[in-house]
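Have a look at the structure below, then the notes.
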Amino acid sequence: MLMAGAVLATSVVLGSEAPEAEADSALRCEAGYTYSVSKDGYLREIDPAGRVTQVGSGKWRGSSINGLGISQGGTEAFAYERWHDSSNHGQARGATILRYDAATGAFRNTDDFYNTKINGNLIAGAVDLSTGKYWFGGFEGVNRGPGRYELRFQLFEYDPAKSGTPQAFTPIGYFWTGHTYQAWEPTPAANGDMAFDAVGNLYAVRASATTMNIYTVTAEELRDNLGGELQAHATPTAPVAIPATNGIAFDADGTVNLGAERSVNRHDPNTWRVIESRTRDLQGSTDLANCASPASLTLRKNLVSRSAPSDQFKLAISRGATELDSQVTTGNRLGVQHETAGPTPVVSGDTYRISETGAAGADLADYDSEWVCRNETTGAELARGTGTSGDLTIPTATSTVGPRIVCDFTNQARGTLTLVKDFDIEYGAEAKPENWTLHATPEGGSRVDFASGETKQVDVGVHTIGEDTQKGYELKDVSCEANGKPLPVSPDGKVTLPANAKSVCTLTNTDLPGSVKWAKTDSVTEKPIGGSEWTIEGPGGKRTVVDHVGDSGYTGLDTDPAPGKLSVGTLSRGDYTLQETQAPAGYEITNGAKIPFTIASTEHEVELPAVTNRKLLTFAIEKYAFADQGSSAPELIDGAEFAIHRDDGGAPGDEVVDAVSPDSTGTFTVSGLAPGSYWLLETKAPAGYARLVEPVPFSVIHNKTHPNGALELIGKPDPLIELSDDLTTIRVNDARTVALPEAGGPGSGDHALWGALAAGAGLTVLTALSVLQRRRKEVA
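Counting along the sequence shown from 1, when you hit position 375 you're at 375 in the UniProt record's numbering, and nothing is skipped either side.
Now the structure itself:
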């Protein structure tokens with residue numbers, strides 16, 4: 001709820017009902033003259049020297065008069081008697097229009113009453129100097145969301161020509177002030193006043209004890225948005241302490257008179273600096289007015305052509321380092337744009353800067369820019385220049401109508417170049433122009449980057465058209481045209497761009513075929529090994545790949561003739577799997593799982609880690625008899641059988657099935673053993689020989705020192721067991737069984753002893769074999 005207006009209307013106490021001097025009833029529309037109205041209807045004149053004089057007889061005796069407005073030429077004045085709505089917190093929101101009668105020198109009641117129903121007080125009034133109609137209004141707090149309020153200013157028009165009819169009043173609309181507050185906070189103080197210039201632009205001042213703003217609404221906005229929301233230009237909120245301001249009156253030089261109950265001071269409207277104290281002799285003043293039109297500055301944008309339809313521009317008016325007003329254009333129309341910076345009040349004799357910058361991606365380097373400023377009041381040109389900024393000094397006002405300065409920035413798009421990315425896809429790569437950076441480099445200049453479809457201004461002459469290359473693609477063609485006509489392009493992408501033309505160059509890329517490389521290596525030596533076979537499955541189905549080992553006449557898919565190195569090309573983009581189906585001779589497939597890989601748009605050349613195979617290790621067991629008397633070495637003998645068991649915590653575990661196979665006399669081949677610990681058991685001895693009593697522990701070694709594998713006996717070896725020099729053969733030496741003599745025969749004592757030992761050993765072996773056979777059954 002706004003209470004500022006109510007306070008002013010009820011707190012003024014007049015020292016006397018009439019000033020010490022009286023003037024005639026006419027209103028002076030001359031430079032330096034300002035008028036004040038008091039709550040009880042006295043109209044007072046303040047002359048250029050600050051003297052206060054009562055105008056007319058002052059016979060009207062109101063109690064809450066406000067909203068003084070004076071017409072062009074000073075022929076008439078208006079105000080209103082405020083009606084306080086007791087049903088709505090006593091807010092002064094009703095108005096009875098008063099019209100000043102020069103013949104009687106007093107206000108008279110028109111009997112035209114209007115209830116605005118605003119949620120606040122009426123505090124302002126002014127005559128539109130372009131139409132002679134009277135306007136009034138006030139601030140109100142409006143709920144903008146849960147618990148959040150904002151001040152807005154409501155405007156109403158009174159047409160004296162329609163007095164006595166309901167059509168005399170028209171709700172004009174409102175504008176938002178940007179001042180917000182929460183529901184639990186006091187309503188911000190908002191007093192002030194308003195005024196018009198000679199062409200109907202509205203200037204409204206919002207005043208509080210600590211801040212000031214001027215809001216400008218153009219005549220076009222007031223005309224085109226009748227009854228709705230109005231777009232207002234706001235000066236920056238000034239943190240100044242000008243308490244109890246209740247009236248304004250602009251002078252033609254742009255300075256503004258701010259009135260309070262007893263005083264009037266003249267201020268700079270941009271800084272609010274006090275220029276002079278006009279008077280302190282008022283009595284109960286509630287409003288100010290005069291018939292002057294203030295000096296103002298408006299900045300417009302005129303677009304002859306656009307470099308891009310979406311280009312927008314920020315227009316700004318500044319004084320020193322302070323930006324007074326700015327607006328950003330919208331839409332894509334040509335000609336003078338609807339959005340303007342200003343009109344904003346300016347001060348005669350001071351210098352202001354106008355400027356423009358690109359917005360919404362617009363680059364002013366794409367345009368030729370020039371500006372011109374004219375005094376629309378006199379028609380005189382004030383300043384002209386090129387570029388995106390300029391300074392001008394506001395001329396002196398020569399009458400009550402101040403200089404109305406209008407500046408125009410005129411922009412014309414220069415010759416443009418558009419670069420477009422196109423594709424000729426064969427292997428399924430992405431065709432996304434937005435992922436590419438294109439460029440044009442003028443001879444002797446710096447390159448200019450483009451996104452596909454982007455248009456930029458570039459210098460006339462020879463340019464080299466190119467792109468930032470991407471893996472997986474190849475530039476196939478560059479073609480250009482200007483205004484729809486083809487331009488010649490050299491093989492290295494050079495083209496001559498003409499002046500004042502819309503040039504377009506298209507860069508077409510084809511995608512390169514995908515490929516995959518990998519190696520087949522020995523798991524220990526890491527050296528390539530040839531002879532493997534594979535399948536590749538993905539887009540296009542399943543294909544078999546046989547390692548190309550350099551044979552003439554090879555017709556497979558592997559393009560690398562080096563054994564163990566494989567490469568497959570002409571792959572489309574997509575997801576694949578690679579699987580080994582046959583290992584090289586002498587090797588086994590270590591892991592036959594499918595290996596996934598992807599041929600991507602830019603990662604089209606894939607190199608997989610090497611796939612290793614374990615070499616199939618082969619060892620031997622040899623069974624020897626002790627040398628016969630007179631022989632130099634033991635001989636290999638048949639009839640033995642062996643088994644190999646895995647180690648199980650230091651004891652024989654499960655048998656490695658089919659690990660041992662007989663070869664030649666006394667010789668056995670051992671295969672299928674991976675590196676690790678094992679046990680050798682003799683399960684059957686040759687006729688006339690004894691089996692090994694204990695299993696023999698040994699290890700299989702496969703490393704870079706022993707690339708073909710090696711055997712190692714574990715612990716203290718049995719004297720009957722030995723390894724070959726190349727560590728690949730276990731030699732089992734044996735002894736004949738001892739023939740026991742008949743009881744009581746010669747040597748029976750020794751034979752009996754050896755027989756007993758042999759019998760005990762045999763029993764031990766039988767027991768071990770029984771256990772092993774039982775384990776084999778459990779495994780089976």
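Built from N, CA and C at the ideal position, the CB exists for glycine as well.
According to DSSP, is residue i helix, strand or coil?
i           : result
Leu487      : strand
Leu334      : coil
Arg223      : helix
Lys162      : helix
Leu364      : helix
Glu533      : strand
Asn143      : strand
Gln167      : helix
Asn435      : helix
His604      : coil
His179      : strand
Ala49       : coil
Trp371      : strand
Pro697      : strand
residue 815 : Lying before the first or after the last residue shown, residue 815 is absent from the chain, which here runs from 1 to 780.
Val448      : strand
Asp424      : strand
Pro717      : coil
Arg306      : coil
Ile599      : strand
Lys527      : coil
Tyr33       : coil
Ile118      : coil
Asp575      : strand
Nearest to residue i by alpha carbon, out of the options?
i           : options                        : result
residue 786 : Thr211, Leu608, Leu155         : As shown, the chain starts at 1 and ends at 780. That puts residue 786 outside it, with no answer to give.
Glu185      : Glu220, Gly147, Thr177, Asn191 : Gly147
His463      : Asp492, Ser130, Glu376         : Asp492
Lys621      : Tyr587, Thr705, Ile730, Asn708 : A quick correction: the sequence has Ile, not Lys, at residue 621. When only C-alpha atoms are compared, the closest one is Ile730.
Gln182      : Gly145, Ser490, Pro239         : Gly145
Thr344      : Val217, Trp371, Thr496, Val448 : Val217
residue 782 : Arg44, Val489, Ala49, Val304   : Any property of residue 782 remains undetermined from this structure, which presents the chain solely from 1 to 780.
Ser130      : Gly200, Gly342, Ser572, Thr329 : Gly200
Gly709      : Arg266, Gly672, Thr398         : Gly672
Thr34       : Thr170, Gly259, Gly141         : Gly259
Given that a residue counts as buried once 16 or more other Cβ atoms are within 10 Å of its Cβ, and exposed if not, what is residue i?
i           : result
Arg231      : According to the sequence displayed, residue 231 carries Gln and not Arg. That one is exposed.
Glu229      : exposed
Asn213      : buried
Asn332      : exposed
Arg384      : exposed
Lys716      : exposed
Asp112      : buried
Asp477      : exposed
Leu334      : exposed
Asn509      : buried
Ser552      : exposed
residue 788 : Lying before the first or after the last residue shown, residue 788 is absent from the chain, which here runs from 1 to 780.
Leu711      : buried
Quickly, what does DSSP pair residue i with across the bridge? List them, please.
i           : result
residue 781 : Since the displayed the chain opens at 1 and closes at 780, residue 781 lies outside it and no answer follows.
Asn591      : Looking at the DSSP assignment, Asn591 forms no beta bridge with any residue, so it has no partner.
His702      : For His702, which the question treats as bridged, DSSP gives no partner whatsoever.
Pro70       : It is Ile, not Pro, that sits at residue 70 in the sequence shown. Paired residue(s): Ala77.
Glu622      : Thr667, Arg731
Gln582      : Glu533
Val460      : DSSP lists no partner for Val460.
Arg148      : Gly145, Gln182
Ser285      : Ser38
Tyr352      : Leu392
Ser296      : Pro345, Arg404
Tyr134      : Val127, Tyr158
Asp325      : Ile317
For the ligand MN, is there a heavy atom less than 7 Å away from the beta-carbon of residue i?
i      : result
Lys301 : Absence of the ligand MN is noted for the structure shown, with no ligands found whatsoever.
Can you list, in chain order, the stretches of the beta strand (DSSP E) that have 3 or more residues and sit fully within the stretch 466-523? Counting whole runs of 3 or more residues, the stretch 466-523 contains the beta strand (DSSP E) stretches 473-482, 485-487, 494-497, 502-511, 514-522.
Contained beta strand (DSSP E) runs [length at least 3] in the stretch 624-693, N- to C-terminal order: Counting only runs of 3 or more, we get 641-647, 652-655, 660-662, 667-671, 676-684.
Where in the stretch 205-279 do unbroken runs of the beta strand (DSSP E), each at least 3 residues long, occur, reported from the N-terminal end onward? 212-217, 247-250, 256-259, 264-267, 274-279
Within the stretch 84-115, ranges of the beta strand (DSSP E) (whole runs, at least 3 residues): 91-101, 106-115
Quick check on the DSSP output: what are the complete beta strand (DSSP E) runs of length 3 or more inside the stretch 536-563, in order along the chain? 541-546
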